[in-house]
Structure formats: structure tokens, C-alpha cells
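Written below as C-alpha cells is the structure these notes are about.
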Amino acid sequence: HVFKMEQEEYTKEEIDWSYVEFVDNQDVLDLIEKKPGGIIALLDEACMFPKSTHETFAQKMYQTYKAHKRFSKPKLSRTDFIVNHYAGDVTYQADYFLDKNKDYVVAEHQALLCASKCTFVANLFPPLPEETSKQSKFSSIGSQFKQQLQSLMETLSTTEPHYIRCVKPNTVLQPGIFENFNVLNQLRCGGVLEAIRISCAGYPTKRTFEEFLDRFGMLVPDVLDGSDEKKASIAICDKMNLKGYQMGKTKVFLRAGQMAELDARRAEVLAKAARLIQRQIRTHLARKEFITMKKATIRIQKIWRGRISSQRTKLARELYEDMRKEAASIRIQKHARAHRARVYYTSLQASAIVIQSGLRALAARNEYRYRRRTKASIKIQAARETGALKEAKDKLEKRVEELTWRLDVEKHMRVDLEEAKGQEILKLQNAIQEMQGQLDEAHAAIIHEKEAAKIAIEQAPPVIKEVPVVDNTKLELLTNKNEELESEVEELKNRIKDFEERYIEIEKENQARLKEAEEAQLKATQLQETIERLESSLSNLESENQVLCQQALVESKNEDLSEEIKILKGQIENLESENESLRSQAAAAAKEQTAHPEKIETHQEVAVVQQIQPRAIADNVTAQIKDLDNGNQTEEEMHARKESHDALLKCLLEDKRFEKNRPAVSCIVYKALLHWRSFEAEKTHIFDKITHTIRSSIESQEGIKDLAYWLSTTSTLLFYLHCTLKVSNNTNKALSRNRNSPATLFGKMAQGLRSSSMGIGISSGYSGMVEKPNEQSKVEAKYPAILFKQHLTAYVEKIYGMIRDSLKKEISPFLNLCIQAPRSIRTRSIRGSSRNIHSNILAKQQALHMHWKGIVSKLDNVLTILSDNYVPPMITRKIFSQVFSYMNVQLFNSLLLRRECCSFSNGEYVKAGLHELELWCLKATDQIAGSSWDELKHIRQSVGFLVLHQKTQKSLEEITNELCPVLSIPQIYRIGTMFWDDKYGTQGLSPEAIPYLLNHVISRMRVLMTEDSTNILNNSFLLEVESSIPFLMEELFRSMSDIRISDMDVDPPTILRQRSDFQFLLQHIDSDSVS
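Using UniProt numbering, the first residue of the sequence shown is number 1, and each one after it goes up by one.
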């Protein structure tokens, strides 16, 4: 349409041009919307007939447009049709054309929405003109679309067309990729290339004479004086040396690029005029500045002359000033002497008040200690009861394991019973077939003898009376034999029926036991959820307890101290009673808990807070009361301290440097806490802030790299605290009382914390240090410092568990592939042809070793991360030892549970993979690997048994004492019975060893069924994964003995170097540089 309009304009303006050929889409438009005869018209006509279907509509189109060059029909469809558009062929499916075309707007609905009180909704549905509504009641979607398209074309015809083409640069939807062929195809299908071709062949730029002169008349100002616009336009084009332009009746037609050339010349003229204007403006501004300067000079001269005249009064003014100062000094002396006397009296009065408050606080503390001792004794009794409940819980857990094991035994027995039943049924069926064959042979013999008897009767009439006697005798014998066979068949059918009834009974028993196991598992899950809710409630109540204590202290600063102590003590007693009740509920729920013992280590931090919380609350109260008495800090000091804390926390998050093979931030934090005397403070918030920062950083990290950094930082800072802090007498007494209490739900973790952070090592120093501090050089730690040290201990153990579990999670898929790889490779090799044997063998070897190399690469990656972050070697050694123990458990259990894995070829494959792990241990050295290789002892001995060629020649003593000394009798029996040689066809165990092992295992199983359930786990042939923390903090401190406390000066970061309150970090560095 646009191309036609362009060429019509050329004809109208009567310029010299040649007709440009282009593809006309008018025939496609006529095919679609021409009336009558278009597809839309045929669709509206089909919609008017109620019996029309999409098939009749499609057949009518096929008949109507079968000769049309733009219309075609697919070969394999009865309702599809193809329209040849400008961009290519498009296939349409006419299945739902009639339904969609009838989907018209209901007039009543439109009238209802048009009458809406909301202006926006009413404008969306304007009332239709009366002529349109009277013309026809039926208005299809196609006709509406055609009307809207016509209205749009009418609107576009009144405007100048501009086009925006969106081009997809690539098919993969990725940035930075440009596919030339794809983009070129889009431009070609969109008609852009055709439009460019036509525009280049014609005159893309055109302006009327008036517009042309108005824009470019400044290039040749002389031509503007005339009245002939066409001649003026020609003169401008000639002046600018334009070639190939055309002059129409009313417009100037320019070739491509000529308009840009004219605009460039126009910009030069405008720039020259702008420079002229600037020159004139600058001259005016310089003249104005000179006049202003001249006036200012005259004014300065006038002022100077006036000042000379005013000097005469200066002496009189100085004399008056001296007299005024003398009078003021006398007044200051009077007020200073009065202030000195007032200050002395105020200090004397404050001292008296301090002595009185101290005596009253002493009496209150004595009363509080007495009540705390009483409650401590009650807690000890409750803890003992909690220990008994924990033992009951352990028994229940072992009972669940016993039921699970029994269920597995029942399943295996059920499978064996089904196999025996199938074999028995097969034997009975074979017997029935044999008897049926004998019966058929007997019948055939009887018939044959009857026929022979008939022939004999016909051939020998004299002895006709004796033949029936003989025949009847044989017939009677055969009949009896037939009856006996039928009775045996009937008996076999009855035995089969009995076996089926017995199988159904056993199936019902198994289903009942399986249902009981599922109910027990569901009950365990419910109990686990109940315990989690109780523990969360306990934690929330503890936090509310602390918040209430702090609020009570802040709000009651101006009240009497004696009333304040009584109120706070009452709140503490109430909250502690609530805590005790919640702990008792948690212990009662733990009695019924049957699974997830590893949950203990996920709540280590909560356990520490629960054990120290009541004592910490009491000391907080005492410290806050003391602060109320001696509170001399101003708001400015508190604000400065807060800024210092924020700067230290920012450094803790951002500064991740390492100096002298340790994290720099741990040295900076330790020196800052030591300089601020935070360890000796009764109350401080810096420990809580550091703890919250570390916890939030740990919880937000998902990669091992960040966790390794925080493990190195927290362990180093914990070592500094261990070598510096000592416990006061009051704190030591309270801790000694807690040390004697029995284990609670989290007793194992708390005991480890007490042994590592509050034991003899704190009070007596660390003997393994290079420079052991004496008792006088240590800092006496208060409760906040001890609590902070316990939090650091919990974080070290928590991060250790996270790194270990993350490594286990990464290697678990490879372990599963290592077990299943030989079977899958063997299956593929069986299906292959003999021509590819050599290539299959090579591919098989590469695929088998790929999974083990994946495990080794994961181990190397984690080892590199831990080494780069300077994690203590002892922790690294423990991580790899536990991971190797996990691999030992997984591989060994898979070997015992899957018969296809317990084969000779699989043993060779696992042995080769274990050799890869052994090489890794040798490469990592004993300092890193440690006892990791020894953790694989079960799988190593099992694999050694599988690949042994002469198993039948080994006696039971040689197997249990030399070949597999670590494996138990049930485990050896399991491996020996499940073993199958897929390569050489040998047997598993010797004939004399199998009966002994079988009898031994059966006897032990009978004992396990009757004994207490506590021995189930020890006698099972499967191994369990150990998920506890395998080291104490004393071992960690002993391994870090090479760190020198005196040599901890590091270069502080820029954010601390620029602050005056952190200049103490630069003192040792500056002294070293000077020396």
C-alpha cells in the first residue's frame, strides 16, 4: 500500500522516474477479506447455518479456492488449509473457526457495562450507533475484526507512516549473540529489505518548497528575495552541488544521503553565527565588569579615608575595654570559689549515697545467691530425671531399629517363600502333566485292546464265551489304574490349594506387620514434630525472658533501688519457673522420640544458651543494678562506643585477608576486645553483636569456600580466648556445679563445651604454647566473655558439621554410580555385537574409572579450599576421616544389600577405585589424610574376600582371623551367601564353613528376637554412619600450639586505620617500623 502511494505521488508530481517492481499482496488480502468470496465471508456464511461444521466449512473452501494461486490444501488433513503470505506459507487449522467466530458480545452485557457508574468501565463499552444495531443482530468476530482493520487503515491513511521493526538477534535468547542469517531472514520476511530496495531506487526524502526554503534558505540567503519558490529551491541544490534530485510541482525530491549533506552545511552556518553572537556577548560582559571594578575602587578610597579619621577615638575605646575586663575578672573569681565549694559538698554527698546503695545491693545479692542455690539443687534433681528419660528414649529408638530389621527379615523370608512356592507349584504341575500322559496312554491301550477283542471275536467264533472273561479282567485292571491316577491328581490339586491358602495367610501377616511398621514410623514423625514445637517455644520464652529483664531495668532507672530489685527478682523467678516447665515438657516428649538422633548437633547453640541462660540473666540484673548506681557515661560516649562497634563489625564482614597464615580479622577483633576490656565487663553488647554477625554470615552461605573462611576465623579467635581468659572464683564455683549435673537432651554437646572452654585449661594456662602466659598475665573473664567463648565453640562445631555434610552430599551421587556402574556397563556390553568388543572394553574401563576420579576431584577441591583458608590441619584431618568413614558405610551396606553388586567383577572394580583413594591419601600426606585410609577397613576386607580365587580352600578360622578380622560372623555369612562369580564360576565359601556360619547366624538371630532390644544395633550386619563431632576443643588447642600470641600484629584495614579510636592497632606496627 505504501509503495503504491509512493509511486502515485511520483506520478502526481510529474517527475522523471522508472517504475519499481515489487510483490503486491492485494490478491492475499482479497482472498481473506473480499466480499463476497473471501474466507471471512465464507466463515460468516457458515456461521449462519446451524448445521454447519468445520469439515463442511473446509470442504467449501477447497471447492471455492482450488484454483487460487495463494491457497492450497495439505495432503494428510481434511480441515487444514495453507495460505501463501508474503513471508511464506502458513498452515491454518479450521477445527474451531466456527466456534470462535460465533463468540460475539451479548448486547445485554454490553448495555449493563455501559450503564456502569465507573467512568473508566463505561468508556470501555460506548453505546453503538442506532444504524449499526438496526442493520443486523448477528455480528461475527471476523466481521468485527474487518471493521476495526478498515477503521485503522482509514486512520493510517491520514498520517505519515513510520515503522518500527523488532528483530530477534538469536534463537537461544542469550545476550551478545548476533545470528546474521536469522536476522536477515526476519528482515526479508518483514519486507524491510524490499522497502530499502524501493527507497534506494526512488527518492526517500521529499519536502515542499516552503519547508525546504524555510530550513535550508540560510545556505543561500540571496535566493530568498525572489517570489518563485521552485527556482529558489533549484538554486540552493545547485549551490550545494547536489546530483540526481528532482523538482516536482510542489515538492523537492532528494536522493538517499542528500538530506544529511544539506543538514551538515546548515549546521556549519549555524555554528558560525553562534560564534559571532558569543563574541558580542563577551565584549559586553567585559565592559560591564570594568565599570563595576571602577566603582568599587572609588568606594574603597572613600572608606580608607574615613578609617584614618576614626583612629583618633581608638585610645579612648581601649581604655574602656581594660576597665571592663578588670571588672569581669573579679566576678569570675567570685563564682569560681563558690563552684569549688559546691563541688566538694556534692562529691561528699554522692559518696555517702554510693556507700548506702552498695550495702543495700550486698544484702540483695546475698538473698539472690541463696535462692539461686536452692533452684540449682532443684535443677540437678530434674536433670537426673531427664537422664532417665533419655535412656528410655534410646531404648525406644533401638526398638524401632529392631522392628525395621525384623521387617527386612520378614521381607526376605517372604521372597524366599514365594520362590519355594513357585518351585513346588512347578513340580506339581509337571507331575500332573506326567500323570495325565499316563492316563491318556491307558485310555489308548484300552481302546486298542477293545478293537483287538472285537477282531478276535469275529475271527474265532468257537471260543466266543472265553474272550469276554479275559477282556473284562483287563478292563477292570485298567479301570482301577485309571481311578488310582485320578485320585493322585485330586490329591495334588488339594496340596496346591493348601499351598495357596498358606501363601495368602502369610501375605496377610506380612501386610499387617508392614502396616504396624508404617504406623510406628508415623507416630515417630508426630513425636518429632511435637519436640520441635516445644523446643521452639522454649527458645522463644527464653528470649522473652531476657528482653523483659532488660526492659524492666531500663524503665525503672528513676525508682527506688530496693523496690527495683524485688520486682526484677520476681520476674526472674516467674520466667525461670516457665522455663523449667517447658524443659520438663521437652524431656517428656524426648522419651517418645524414636528417630533422628543427629538432631542433637543441629541444636548445639541452643543447648549452650539454655544451660547458661538463667545464670546469665541473674548476672545481667546485678550488672545493670550496678550500672544504675555508677552510671556516669554520657550519651556522647555511648554514641562513640556504638560507632566503634559498628566499624569493628564492618571489618569482620569485609576484611577477609590472611597474614602470617591466619585470618587477619581474628587478630584485630581479639586486640580490640582486649583493648576495650570487654572480657572484664559485667555487661556489654559487643559479644552479642559479633555472635549475631557470625551466625547470619554462616546461615547465608551455601558454598564450602565461605564456610572454610569462617571456620578458620572462629577457631583462631577461640584459641586466642583460650590462651588469655581465666575464670573468676564466683564463676568457677557456678561452673563446677554445672559440671557435675547429668546430661540433658543436649548434654553431649554441653559437656564438650564445658570440657573445652571451662576446664582446667582456662585456669591453669595451656602447656603447649610457645610462650605460655603466666597466671598474672591472664584476664579474669566475666559471664559475657565465657558465654561468648561457648558460642564460638558451638560455631566451630556447627561449621565443621556443615562442611562435612556438604562434602558427603557432593560425593553421594558418585558413590551410587560406583555401585551401579559395573551392572550398567555389563548390560550394555551384552547387547553389543562382537565386532565392537575392543572398543567396548576401552569405553568400559574409561566409564568405570570416571566415577572414582569424580570423587577424587571433589576431595582435591575441598582440600584446596581448606588449605587456602588456613583451616587447622587437625580439623581438616577429622573432616576427611569422617567422609572416608561415610564412604566405607555406604559402599559396604550397598555390597550387602544388592546381590548384583556382590560379584567377582564388581569386587575388582571397587578394588581399583579404592586404589585411587589410596593414592590420594598418600598424596595428601598423613598430616591431612590421617587415618582416612584405615576408615575403609570394612569395604577393603569385603573386596579382598570377593576377589579371592580359592575361597573354598579357606577355613572358617582363616577367614575370620586373617582375611576378614574386622567383619562379624553375620556379615561374613551375608557376603558368602550372596557372592556369585560372573567371571570364573567359582563358589563363595567352603562346604564346611557354610553350615557352621548358618547355624551360628540362626542361633544369634533367635537370641536377638528374645533378648533386650539394646543389642540389636550391635548384632546387625549393616554399618551406621557416625555423625557426631569426633574431637574435643583441647585437641584443637593442642594442634594450634605453633601460633604465637605475642606475634599477632597485623596491618589494619583502611576503614579502621582512618579512625582515631583504633590507633592502638598501629602502635606495635609503628614501633616495629621505627626500630
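All C-beta atoms in this analysis are idealised placements derived from N, C-alpha and C, irrespective of residue type, glycine included.
Counting every other CB atom within 10 Å of its CB across the protein chains shown gives A785 a total of 16 or more, marking it as buried. Excluding its 5 nearest sequence neighbours in each direction, D80 has C-beta neighbours in its own chain below 6 Å: P74, T91, Q93, listed in chain order. When C-alpha distances from F814 are compared across Q278, W920, I855, G306, the shortest belongs to I855.
Using a Cβ distance threshold of 8 Å, M240 and R265 count as a contacting pair.
Between the alpha carbons of E488 and E505 lies a gap of roughly 26 Å. Beta-bridge partners of R662 (DSSP): E659. Around the beta carbon of I803, a 10 Å sphere encloses 16 or more other beta carbons of the protein chains shown; the residue is thus reported as buried.
Judged by DSSP in its simplified three-state form, V223 adopts helix. One Cα belongs to G191, the other to L31, and the distance between them is close to 20 Å.
Distance from N510 to R414 at the Cβ level is roughly 5 Å; contact confirmed, criterion being Cβ atoms closer than 8 Å. Non-local beta-carbon contacts of V223 in its own chain, meaning distances under 6 Å to residues more than five positions away in sequence, involve A232, A235 in chain order. Counting only unbroken stretches of 3 or more residues, the beta strand (DSSP E) elements lying wholly within the region 179-261 are 205-208, 251-254, in sequence order. Under DSSP, N84 forms a beta bridge with D89. Distance between R899 and I875, taken at the CA atoms: about 37 Å. E780 sits in a strand when the DSSP states are folded into three classes. From the listed residues K493, Q381, A382, I704, the smallest Cα separation to A431 is found for K493. Of the residues assessed, R188 falls on the exposed side of the cut-off, its CB having fewer than 16 other CB atoms within 10 angstroms. The beta-carbon separation of C667 and I1045, rounded to 10 Å, does not stay under the 8 Å limit for a contact.
With a cut-off of 8 Å on Cβ pairs, the region 707-714 is in contact with the region 654-671, counting three or more such pairs.
DSSP places R974 in the uninterrupted alpha helix (DSSP H) bounded by 969-978. Under the three-pair Cβ rule at 8 Å, the region 899-917 counts as touching the region 930-940. The region 639-659 makes contact with the region 685-698: 3 or more CB pairs, one atom from each, lie closer than 8 Å.
Here the alpha carbons of H791 and A781 stand approximately 15 Å from one another.
Distances from the alpha-carbon of L859 to those of K809, L817, S905 put K809 closest.
Along the region 663-708, the alpha helix (DSSP H) occurs as fully enclosed runs of 4 or more residues at 664-675, 686-700, listed in sequence order.
CA-CA distance, G217 to E289, rounds to 39 Å. In the DSSP assignment, the residues bridged to L725 are V779. Boundaries of the alpha helix (DSSP H) around Q63: 54-64. The residues M874, in chain order, have a CB closer than 8 Å to that of E1035 in the same chain once the five nearest residues on each side in sequence are set aside. With respect to R1059, L1066 sits apart: the two C-beta atoms are not nearer than 8 Å. Counted as a single uninterrupted DSSP element, the alpha helix (DSSP H) harbouring F120 occupies residues 119-124.
Here L891 is actually not in contact with C902; their C-beta atoms are around 12 Å apart, not less than 8 Å. From the listed residues M247, Y65, G142, the smallest Cα separation to K12 is found for M247. Within the same chain, Cβ atoms closer than 6 Å to the Cβ of V183 are found at V167, the five residues on either side in sequence being excluded.
Taking 4 residues as the minimum length, the region 473-507 contains no alpha helix (DSSP H) run wholly inside it. By alpha-carbon distance to H109, the top candidate from L717, N101, A122 is A122.
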